[in-house]
Structure formats: C-alpha cells, structure tokens
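Beneath this line is the structure, given in structure tokens, with notes to follow.
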C-alpha cells in the first residue's frame, strides 16, 4: 500500500480484486475436465498408484490430491520466479526509498 498513491488505491485494489474474482470460475472450468478425464482415471490406474500412492495414500481422493499438489507446486514456482523479475526489483527499491504514500494531514490551526 505504500507504493500505490493514496488517491488511486481504491481503483488499483478494486481492479486486483475483480481480476482475482474473474479468474476463479475460469480456472474451475479448466481444471474440472482435466481432473475428471485425465488425472483421476490415471490415479485410479495401477501406474498412478505406483507412482504417487506413497505420497497421496490410498482412496478415492488421490486424483484431487494430485491436482492440489500440482497446483501448490506451480504457485510456489511462480511466486519464486516473481522475485527475479524487473518489476519486483523496481517496486522493492521504490518501497525501501519511500516513507509513506498517505499524505500528511495539515496541522490544525
């Protein structure tokens, strides 16, 4: 919140929230068929049990557990990669050099 100027924070954070909310159904509609037709049948097969049974256990939820495992690993990799971008370095440098984005209140007379 220190980087975004105070007068534009509502628009910036509103856009970010709208973008995140719009992404949820899109990812749900993409992941559901992939999980239903590819991952869950694979995990019900002998190859899936042999490959990931030691990690995800035995039972009907192995396929969804694999989806969550892959999604978590992807998120960790994307977050780690974000630390190496030019944008992150620029924002971090700006954050360290700036005291406050909220303008100081004028002194009462």
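Residue numbers (our numbering): 116 to 224.
We treat Cβ as the ideally placed atom computed from N, Cα and C, and that holds for glycine.
These figures come from a predicted structure and were not determined experimentally.
Starting from residue 140, follow the alpha helix (DSSP H) in both directions and report where the run begins and ends. 124 to 149
Where does residue 209 fall in DSSP's three states? helix
For residue 211 and residue 126, I'd like the C-alpha separation in whole angstroms. 23 Å
Using three-state DSSP, classify residue 119 as helix, strand or coil. coil
For residue 183 and residue 122, what's the separation of their Cα atoms in angstroms? 39 Å
If you draw a straight line from the alpha carbon of residue 151 to that of residue 139, how long is it in whole angstroms? 18 Å
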